[in-house]
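K.L.:
Residue numbers (my numbering), protein chains in the order written: chain A, 1 to 362; chain B, 1001 to 1362; chain C, 2001 to 2362; chain D, 3001 to 3362.
There's a structure below that I have some questions on.
4 protein chains.
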Amino acid sequence: MAGNSFGNLFKITTFGESHGKAIGVIIDGCPPNISIDEDFIQSELDKRKPGQSKITTQRKESDVAQILSGVFEGKSTGTPIAILIPNEDQRSKDYSHIADKYRPSHADYTYQQKYGIRDYRGGGRSSARETAARVAAGAIAKLYLKSQGIEIFAHVSAVGTLEAPNLDTTNLSALLDIREANIARCADPATANEMIALIDSIRKAGDTIGGKISTVVRGVPVGLGEPVFDKLHADLGKAMLSINAVHGFEYGSGFSGSEMRGSEHNDIFVKAEEQVRTRTNFSGGIQGGISNGMDIMFRTAFKPVATIMRDQETLNEAGDSTTISGKGRHDPCVVSRAVIIVEAMTALVLADHLLRFKAYKD
Amino acid sequence: MAGNSFGNLFKITTFGESHGKAIGVIIDGCPPNISIDEDFIQSELDKRKPGQSKITTQRKESDVAQILSGVFEGKSTGTPIAILIPNEDQRSKDYSHIADKYRPSHADYTYQQKYGIRDYRGGGRSSARETAARVAAGAIAKLYLKSQGIEIFAHVSAVGTLEAPNLDTTNLSALLDIREANIARCADPATANEMIALIDSIRKAGDTIGGKISTVVRGVPVGLGEPVFDKLHADLGKAMLSINAVHGFEYGSGFSGSEMRGSEHNDIFVKAEEQVRTRTNFSGGIQGGISNGMDIMFRTAFKPVATIMRDQETLNEAGDSTTISGKGRHDPCVVSRAVIIVEAMTALVLADHLLRFKAYKD
Amino acid sequence: MAGNSFGNLFKITTFGESHGKAIGVIIDGCPPNISIDEDFIQSELDKRKPGQSKITTQRKESDVAQILSGVFEGKSTGTPIAILIPNEDQRSKDYSHIADKYRPSHADYTYQQKYGIRDYRGGGRSSARETAARVAAGAIAKLYLKSQGIEIFAHVSAVGTLEAPNLDTTNLSALLDIREANIARCADPATANEMIALIDSIRKAGDTIGGKISTVVRGVPVGLGEPVFDKLHADLGKAMLSINAVHGFEYGSGFSGSEMRGSEHNDIFVKAEEQVRTRTNFSGGIQGGISNGMDIMFRTAFKPVATIMRDQETLNEAGDSTTISGKGRHDPCVVSRAVIIVEAMTALVLADHLLRFKAYKD
Amino acid sequence: MAGNSFGNLFKITTFGESHGKAIGVIIDGCPPNISIDEDFIQSELDKRKPGQSKITTQRKESDVAQILSGVFEGKSTGTPIAILIPNEDQRSKDYSHIADKYRPSHADYTYQQKYGIRDYRGGGRSSARETAARVAAGAIAKLYLKSQGIEIFAHVSAVGTLEAPNLDTTNLSALLDIREANIARCADPATANEMIALIDSIRKAGDTIGGKISTVVRGVPVGLGEPVFDKLHADLGKAMLSINAVHGFEYGSGFSGSEMRGSEHNDIFVKAEEQVRTRTNFSGGIQGGISNGMDIMFRTAFKPVATIMRDQETLNEAGDSTTISGKGRHDPCVVSRAVIIVEAMTALVLADHLLRFKAYKD
């Protein structure tokens, strides 16, 4: 109940601190006989790892995943898959200056009050480094979903007020190629260039900026999600909000849907190629909490990174005023790395609900 | 795992269909010796019940709660509290015209595909009538939280594009009085009047409209919420997204925070009246997923009600095109009734996390 | 987490006190489209109800089950099935003499210390009356299992030191007929007569006596049960030990198996009628925590009922010595009524594991 | 839901196969600020490890535990504690002769049928090697319980039909010293010598034998355990039954209690040294599922180890008859090593229920 597990049938439990020996994850409930492609897992981790471009933190971690269990002769066995990611670049002394100070808008103060003790090095457990474990687990979930015909695509749709235009999402794998061709991970090349320039200027100013990530899931059968509390979008929302720095979630029409009339918002059922479809998709592929076979679409808002390269006022543990100076290696904007975390958490939710769905199907 | 339970230590399980014999809830994990004020529970239900004003559905349900267990001589005993709310106004024949048709943007199609069977009367289990059970359970949670000094306030902050100005939230009980003095349940009287006029015009047009609800929670001790997956705001988000018609959730700075710079977004720690506070509250009272003692603040977006009093194109179960006519009794705008549901779900999340917090405190 | 739920995918939550308004249960996770035979549910309750014979308590409760939700036109809909059993014979004044006394080997003392409050009437929540709710839920589980070819049979195999001989279990439904033809619910008629005489003499002496129940489950597919903590027999054991008065559980060779050598205990695999079987069944149908297709066999030990018709020394709430007199209406031996509770809990475990099994099967 | 987690608030998740890279465990929910004595964890593992005496398997594993997270400057931080135990002695070729044969009374057949794939080396996940991870986690739980005044003692009370006399349990730490002074781990020295001789003769005969372990828990506050399904003894029973080779569990009077009369079985409340006690303890320290402050007492029965050094008939994966020869390194009797596993699982149940208890206490 201490909250380090996620999912029910496809369940993960993560561990590890930013500057401890290792981080890692146990995946319990991956179906047997799934081909576990270690290169794929590593390529996913590489998309999240620090130091990958000039617009990310320069901390260097190779983030090499080691599978310790649950895979035999290249296939999942149905037993828990443990993945270990050793920490390498532990410049703990970088953090001695904040050992007894509360960094603004970080978790230092709340951890200290909650536990009476904290590993202050790099934020300890509160560091977004924990999300590498999620990405590794998400890669396993993606391999399972792929075997079931489900694909997931996310990209950076906004940095600050700079928003990408709506994409033609007909070909998700083509969009993925476009996204991976630029360091902003926006699938609109022109906007990507603007984003990179903006983030770079923010970085030079010693500041940070927020952004948004948009996600599309395709190939989900009709029927995933439970109607009351475990609505599919409620579990997706929780998954997104559990990612560091996320402050908002909306699906389908989202916040703008609250400004619409029912007569314009209702998605009319039509038949297309012998399939039941809806003419519009303000429902974001989910009705009554249950997938309806249309693309699942949602958006996630990230606040600006709290660590800035400027002096800030704050309090220390004794309660006295003090100044904290901007030091260390941090991201000016987190969304280009977070794209893969969003996809991972999405995959985990879908894998879990797919298994729940199968339990009741004959 | 079929998703009709919510919470861990303060856990509820709801049951019941719109036009069945009754709906109800079991609350498992209410601490013992809490005074259970039945009048308060009823007054909460009265705020949600249909037919309470001209801007709500005219369906008549008295929604009288019966406590069946778990209370002895006016106090909780630590055993499960079961609450029953009989259904009264079951005009099931109103629904015969939709028995085999899929209402647009309702759950008819997804239920039928998921289960192969559905109680089509009034949407069956997918009806928002289920939320009456949540309100009853939320009332119990509020009684517990009140005994711990925690208060919750929500109001309608927007109907369509009509937004209330930011409120001075110094005195929540005064705001509550203002809110309850108007049928829109907006704590700004001038905006409330505009909202009522807008909803009434929408109703007359046979249409519906969406809106937003803003919530403040005060008196939460520092330390509630678990740092990784069960972040306090992630559980609040899931709770909100589990409410019928909710399409978005944001806390603190929310979506607009994603447009800000770190240097303007960071909440500086200061000492005020011997307490650690933050100068601003873009964090919405939650840092690293854990309450920091400031007011918890979030906002929830509701789509327009799907049932409109107009003819709509759709498909029937056979897959043929058909027309569905606007009949029955429905809400032109759901937010004024949903305020109390938002408060109830908020109370349930807080009560659960308060118990989890206490488990680890000496 | 207050422990009133059981199961994961086929999950029940019970509520109610012995002398409150009603007891009941919510079944969440029953698959849709199962025919819900209300007569069958009632006939199961009738086998547990008090007052059914001279060797049971004379308390009169008709224990009529009312289905409030989750069933539409005779079939389960996949939504929660709520069942209510009103309490009728609430002679609460029978209990005023024990309001502040701790009955020996009852839960009065532990409840009072745990909660600081208790409904002392008839033991409140600690009463075995709660098991009627389990029997109703177990009836639903049995209907589901029957549709999957799984049958469950339990009978009284011992009262005190009086043990029934080993049964030929080839024909379980014939054994069921024999069992139901006598009030002891032992499937060996000669032993049944001796049991009835023994219990009757115990009753006349104002005393009580313990006993044992043996269970066989047939038709379980190979593969139910999870290998580590949720072993099938571990969940069966927990289910049995959760029944009031149960003090022991063993499966397969059980306690006597601990006195055997490996060379005599090992179950040799053989082929019979193109099926993999074992020559002996010391494994009780479960190997490595997973069903192997053989009959599942286990035994449950019940202590003597704590309420005796004799004066006993005890303490009151003030901590002073006092005497408690034997009054009220109670069972001299609980096992003949408990047979149906054992079957119900067995059905709930099997239904849950069958759904878990299906989640991972393609 | 794949069953590799145990506990709710003090929760563990284990991973690893007998001949994979490593086994390990994540402990989620250990309270913060507990001193984590690594030497103690190692000493516990040493009591379970193979090769420790002539009456255990000669497989050599040093079983060195590495703490990867959750501990900072010697104290628990409230975040997940991950412990890794690398596998060293992986003589996988020892197992090539059983790659396609089902060993009698092992989990080979059920795993293969359940998953369609298995790591056959040393039983893979079904190996009792997994219990080393439980012992490491149990050591953490013991450290927590010790800080709360709770102590746990188990010993071998029977090997085959050779039973130790009832012990005077006044001084548990003295009994622990006696137990650790002999390789049978029986706290009665004379019986211990007989057990050692018996096991040695069994070993020489290429056979195996079962046994029983008795456990006492002292210092448990009144009030642990939830009254209905999560009764304290039900969770202890599940914990014991989840240990490899356990076929039976009884607490307090156990199976023999089912042969007693209520008038002899009832535990009379008395006052002793200003404490409420019971004159006898047939209740085993638990009444109504809740601890009553007396010693908690239970007994666990282990079947004989399935691997014997003799040729046995069996089937192979193709379904053909074949012979399996007795090879490899195995225990003639598992109970002397299992004592520490029983204590570990007991500690995990108690730690979990202690936290659940605290959640509801003011």
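Built from N, CA and C at the ideal position, the CB exists for glycine as well.
Please compile the residues from chain B whose C-beta is within a distance smaller than 7 angstroms of the C-beta of C:Gly2237.
P.N.:
Proximity of chain B to C:Gly2237 at the Cβ level (cut-off 7 angstroms) is not reached, the minimal Cβ distance being about 22 angstroms.
K.L.:
Does chain A have any CB closer than 8 angstroms to the CB of D:Lys3358?
P.N.:
no
K.L.:
Rounded to a whole number of angstroms, what is the C-alpha to C-alpha distance between B:Gln1058 and B:Gly1326?
P.N.:
15 angstroms
K.L.:
Could you run through the region 2 to 18 of chain A and flag, in chain order, every residue whose CB is less than 9 angstroms away from some CB of chain C?
P.N.:
Asn8, Leu9
K.L.:
What first and last residue would you give for the beta strand (DSSP E) that runs through A:Glu151?
P.N.:
151 to 159
K.L.:
Measure the alpha-carbon distance for B:Gly1289 versus B:Arg1299 and round it to whole angstroms.
P.N.:
17 angstroms
K.L.:
In chain order, what are the residue ranges of uninterrupted beta strand (DSSP E) at least 3 long that sit wholly in the region 3059 to 3126 of chain D?
P.N.:
3081 to 3086
K.L.:
Which of the three DSSP states, helix, strand or coil, is assigned to A:Val334?
P.N.:
In the structure shown, A:Val334 sits in coil (DSSP, three-state: anything other than H, G, I, E or B).
K.L.:
Could you tell me the distance, in whole angstroms, from the CA atom of B:Phe1153 to the CA atom of B:Leu1176?
P.N.:
Each residue's Cα considered, the two are about 7 angstroms apart.
K.L.:
Any Cβ of chain B within less than 8 angstroms of the Cβ of D:Gly3219?
P.N.:
Not one chain B Cβ lies under 8 angstroms of D:Gly3219.
K.L.:
The alpha helix (DSSP H) spanning C:Gln2052 covers which residue range?
P.N.:
Counting along the chain, C:Gln2052 falls outside any alpha helix (DSSP H), and DSSP gives it neither H nor E.
K.L.:
Nearest to B:Tyr1120 by CA position, among B:Arg1337, B:Asn1316, B:Val1334, is which residue?
P.N.:
B:Asn1316
K.L.:
Helix, strand or coil, according to DSSP, for A:Asn193 in the structure here?
P.N.:
helix
K.L.:
Out of C:Ser2126, C:Ser2053, C:Ile2341, point me to the one whose CA is closest to D:Lys3231's CA.
P.N.:
C:Ser2126
K.L.:
Along the region 1058 to 1072 of chain B, what residues have a CB closer than 9 angstroms to any CB found in chain C?
P.N.:
Gln1066, Ile1067, Leu1068, Ser1069, Gly1070, Val1071, Phe1072
K.L.:
Tell me whether A:Glu313 sits in a helix, a strand or coil according to DSSP, three-state version.
P.N.:
strand
K.L.:
Buried or exposed, going by whether 16 or more other CB atoms sit within 10 Å of the CB of A:Gln275?
P.N.:
exposed
K.L.:
Is the region 1010 to 1020 of chain B touching the region 1052 to 1072 of chain B in the sense that three or more CB pairs, one from each, lie closer than 8 angstroms?
P.N.:
Contact between the region 1052 to 1072 of chain B and the region 1010 to 1020 of chain B is absent, because fewer than three Cβ pairs lie under 8 angstroms.
K.L.:
Determine which residues share a DSSP beta bridge with D:His3301 and list them.
P.N.:
Reading off the sequence shown, one finds Ala at residue 3301 of chain D, where the question assumed His. DSSP lists D:Lys3212, D:Gly3248 as partners of D:Ala3301.
K.L.:
With DSSP as the reference, please indicate the residues paired to C:Lys2271 in a beta bridge.
P.N.:
C:Val2276
K.L.:
For the region 3002 to 3013 of chain D against the region 2305 to 2313 of chain C, are there 3 or more C-beta pairs whose distance is under 8 angstroms?
P.N.:
no
K.L.:
So what does C:Ile2296 bridge to, in DSSP terms?
P.N.:
Answer is C:Val2217, bridged to C:Ile2296.
K.L.:
Alpha carbon to alpha carbon, how far is B:Asn1166 from A:Phe249?
P.N.:
22 angstroms
K.L.:
With contact counted as at least three CB pairs below 8 angstroms, one residue from each stretch, are the region 3024 to 3037 of chain D and the region 2030 to 2046 of chain C in contact?
P.N.:
Three or more beta-carbon pairs separated by less than 8 angstroms are not found between the region 3024 to 3037 of chain D and the region 2030 to 2046 of chain C, which leaves the two stretches without contact.
K.L.:
If you check the beta carbons only, do D:Gly3219 and D:Glu3273 fall under 8 angstroms apart?
P.N.:
Not in contact: D:Gly3219 and D:Glu3273 (Cβ atoms no closer than 8 angstroms).
K.L.:
Taking B:Ser1253 as the query, report the chain A residues whose CB atoms sit under 8 angstroms from its CB, ordered along the chain.
P.N.:
His247, Lys303
K.L.:
Please report the Cβ distance between A:Thr280 and A:Asp267, rounded to the nearest whole angstrom; I am assuming they are in contact, meaning their Cβ atoms lie under 8 angstroms.
P.N.:
5 angstroms
K.L.:
Under 8 angstroms Cβ to Cβ from D:Tyr3095, same chain only, skipping five residues before and after it: list those, please.
P.N.:
His3019, Tyr3120, Arg3121, Gly3122, Gly3328, listed in sequence order.
K.L.:
Identify whether C:Glu2259 lies in helix, strand or coil by the three-state DSSP scheme.
P.N.:
coil
K.L.:
With a threshold of 8 angstroms between beta carbons, is D:Glu3259 in contact with chain C?
P.N.:
The beta carbon of D:Glu3259 sits closer than 8 angstroms to some beta carbon of chain C.
K.L.:
In the region 25 to 37 of chain A, which residues sit with their C-beta less than 7 angstroms from some C-beta in chain D, listed in chain order?
P.N.:
Among the residues of the region 25 to 37 of chain A, those with a Cβ less than 7 angstroms away from any Cβ of chain D are Ile26, Asp28, Gly29, Pro32, Asn33, in the order of the chain.
K.L.:
Rounded to whole angstroms, what is the Cα-Cα separation between B:Pro1332 and B:Glu1194?
P.N.:
Using only the alpha carbons, I get a separation of about 15 angstroms.
K.L.:
Between B:Lys1142 and the rest of its own chain, which residues show a CB-CB distance below 6 angstroms, the 5 nearest in sequence each way excluded?
P.N.:
Ala1347
K.L.:
On the criterion of 16 or more Cβ atoms from any shown chain inside 10 Å, does C:Ser2173 qualify as buried, or is it exposed?
P.N.:
exposed
K.L.:
Taking Cβ to Cβ, would you say D:Gly3257 is nearer than 8 angstroms to D:His3265?
P.N.:
yes
K.L.:
Going along chain B in order, which residues have a C-beta closer than 7 angstroms to the C-beta of A:Asn292?
P.N.:
Tyr1109, Thr1110
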